[in-house]
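> Sending over a structure as structure tokens; questions will come in a sec.
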Amino acid sequence: MRVALAGDEAVVAGVLSGTSADGIDVALVRFETGSGRPRALAFETLPFENALAERLRAVLDGHAQPGLGELARLDRDLGRAFGRAARALALDTAVDLHLVASHGQTVWHHDGAGVPATLQLGDGCHVAGAAGVPAATDFRQADIAAGGEGAPLSALADECVFAGTERPLLVLNLGGISNVTRLPEPGGELVAFDTGPAGSLLDGFARQLLGRPLDRDGAVAARGRVREDLLASWLPRAFLESSPPRSTGRDTFGRAWIDGLLAETDGVPVADLLRTAVELVAACVADGMRRFLPPTPGAPLVLCGGGVHHPGLVRALSERGEVVSSAELGVDPDAREALVFAVLGARCALGIPSTAPAATGADPGRVLGKLSLGRGSAPEE
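Dropping the structure here:
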């Protein structure tokens, strides 16, 4: 069953709440019938309603062990929030929306040991009902069902998002978890993998040490110095030595891990702890690229995600090689992930395969996602 993307052009809303869970990213994308390329129309990050944000944060930080009833309600309420966010931006932009592609909110993702499993909340039926158009969801679940890691999915759409840019291209997403994509030259092979913690560490430290959701602009970290002894003990060596395809999440780099890092740091200035955490993120990125990417002389590392707004992190990465913002290539660094899911959602609706073994390990030729038709929607004959 496919959903008809009606008219000469289709508008898809890519909706994302990342590992940091700091809001709902919505990108409106127009897919032109002739070229099939996405054109960004609008992007906005909308806040969660306060009570929903508190419920979600309690689950993500381990303050609460939700029962089945609360998980069911969160699944419902997040789905409605994602659908409403997409509809609101479409109304503000005065465009007709045809499809919502929602990543959902990851509340658990495997650490690479044993059989992969993942859980995203934000039920597709409620997304579709709130948006008033069909919804494509459960992209990670579909990738795992095809034998993959379930992440990093962004690599599967980057060729479309960064269409027309010179290859090879290195793209680093600095979200809650950082991941790198190498888009190959013609005839080459796509490579992508998670490199380790990013915002999950930096924002986790800020919540624990500053009582704030983040160290805005890295201001406190900028006053500190790197503690080499702590950096050496903090490096997640088992993860760094694991080979791609690999992914990770809060199960490995969440609240318990952060508490462990801070357990024996009494007397260490807070600024030093935050500065050392920044260095850890950059060191993990550099380690993964050195181990698992072929040399790419002359190609800068293209940065996107929330980490581009942390001057100290950008500086730490630039000390290891040339970096540029994805904005210089015409892609809003804050919108890139939402753009990715708009592409994956359109492919789901049209029955176009997205999987790539070298990115997530999934079998090739699989369509990712599942469709919820919502009210007033009809399948294509």
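Oh and the sequence shown: position 132 is 147 in my numbering, straight run, nothing missing.
Note that beta-carbon positions come from the ideal geometry of N, C-alpha and C, so glycine has one too.
Is it true that the CB of PRO251 sits closer than 7 angstroms to the CB of ASP207?
Sequence inspection shows Ala at residue 207; the Asp mentioned does not correspond to that position. Cβ atoms of ALA207 and PRO251: not closer than 7 angstroms.
> Nearest to PHE307 by alpha carbon, out of CYS140, PRO259, LEU245?
Ranking the options by Cα distance to PHE307, first place goes to PRO259.
> Do the stretch 171-189 and the stretch 116-126 make contact, defined as three or more Cβ pairs closer than 8 angstroms?
no
> Is the beta carbon of GLY320 within less than 6 angstroms of some heavy atom of the ligand PLP?
In terms of ligand content, the structure shown is empty, and the ligand PLP therefore cannot be addressed.
> From ASP158 to VAL283, what does the alpha carbon distance come to, in whole angstroms?
43 angstroms
> Which residue marks the beginning of the beta strand (DSSP E) containing SER193, and which one marks its end?
192-198
> Note down the Cα distance separating LEU198 from ALA101, rounded to an integer number of angstroms.
29 angstroms
> Unbroken beta strand (DSSP E) runs of length 3 or more, entirely within the stretch 280-356: which are they?
316-319, 338-340
> Can you tell me where the beta strand (DSSP E) with PRO372 in it begins and where it stops?
Taken as a continuous stretch (DSSP letters only), PRO372 belongs to no beta strand (DSSP E), being part of the alpha helix (DSSP H) at 372-375.
> One question on the structure: do GLY137 and LEU104 come within less than 7 angstroms of each other, judged by their Cβ atoms?
no
> Excluding five sequence neighbours on each side, which residues of the same chain lie with their C-beta closer than 8 angstroms to the C-beta of GLY165?
HIS124, HIS125, PRO131, THR133, ARG155, GLN156, ASP158, ILE159, SER262, THR375
> Nearest to THR210 by alpha carbon, out of TRP272, ILE367, PRO81, VAL296?
The shortest C-alpha separation from THR210 is found at VAL296.
> Quick one: any contact between the stretch 266-286 and the stretch 298-318, if contact means 3 or more CB pairs under 8 angstroms?
no
> Checking the sheet assignment: what are the DSSP bridge partners for ASP40?
LEU31, THR60
> Give the single residue among ALA68, THR152, ASP230, ALA371 whose Cα lies nearest to the Cα of GLY380.
Nearest option by C-alpha distance: ALA371.
> Alpha carbon to alpha carbon, how far is HIS113 from ALA21? Give it in angstroms, no decimals.
Here the model assigns ALA21 a pLDDT of 49, short of 50, so the residue's position is not dependable and the matter cannot be decided.
> Out of curiosity, what's the CA-to-CA distance linking MET16 and LEU83?
Confidence at MET16 is low in this model, with a pLDDT of 42, below 50, so the placement of that residue is unreliable and no value is reported for it.
> Let me know if GLY345 comes out buried or exposed under the rule of 16 or more other beta-carbons within 10 Å of its beta-carbon.
exposed
> In the structure shown, what three-state DSSP assignment does VAL110 receive?
When secondary structure is reduced to three states using DSSP, VAL110 falls in the coil class, being assigned neither helix nor strand.
> Just to check my reading of the structure: VAL235 and ALA301 have Cβ atoms closer than 8 angstroms, yes? What is that Cβ distance to the nearest angstrom?
That pair is no contact at about 23 angstroms.
> According to DSSP, what are the bridge partners of GLN135?
In the DSSP output, where bridge partners are listed per residue, GLN135 has THR121.
> Among the candidates ALA57, VAL358, HIS141, MET304, whose CA atom is the shortest distance from the CA of ASP349?
Checking every option, the nearest Cα to that of ASP349 belongs to ALA57.
> Determine the contact status of PHE356 and GLY29, defining contact as a CB-CB distance below 7 angstroms.
yes
> Please name the residue in ALA170, ALA292, ARG305 whose C-alpha comes closest to that of ALA237.
Restricting attention to ALA170, ALA292, ARG305, the CA atom closest to the CA of ALA237 is found in ALA292.
> Do you know offhand how far GLY147's Cα is from GLY389's?
Distance between the alpha carbons of GLY147 and GLY389: 6 angstroms.
> Can you tell me the Cα-Cα spacing of PHE97 and GLY203, whole angstroms?
37 angstroms
> From VAL41 to LEU61, what distance separates their C-alpha atoms?
8 angstroms
> What is the residue span of the beta strand (DSSP E) that THR210 lies within?
206-212
> Just to confirm the assignment, what range does the alpha helix (DSSP H) spanning ALA160 have?
154-160
> Assuming GLU200 and ARG227 form a contact by the criterion Cβ under 8 angstroms, report the distance between their Cβ atoms to the nearest whole angstrom.
Actually they are not in contact, since the Cβ atoms of GLU200 and ARG227 sit about 44 angstroms apart, beyond 8 angstroms.
> With distances taken from CA atoms, which of ARG52, PHE268, PHE220 is nearest GLU174?
ARG52
> Could you pull the start and end residues of the alpha helix (DSSP H) that SER258 belongs to?
From DSSP, SER258 is part of no alpha helix (DSSP H); its letter is neither H nor E.
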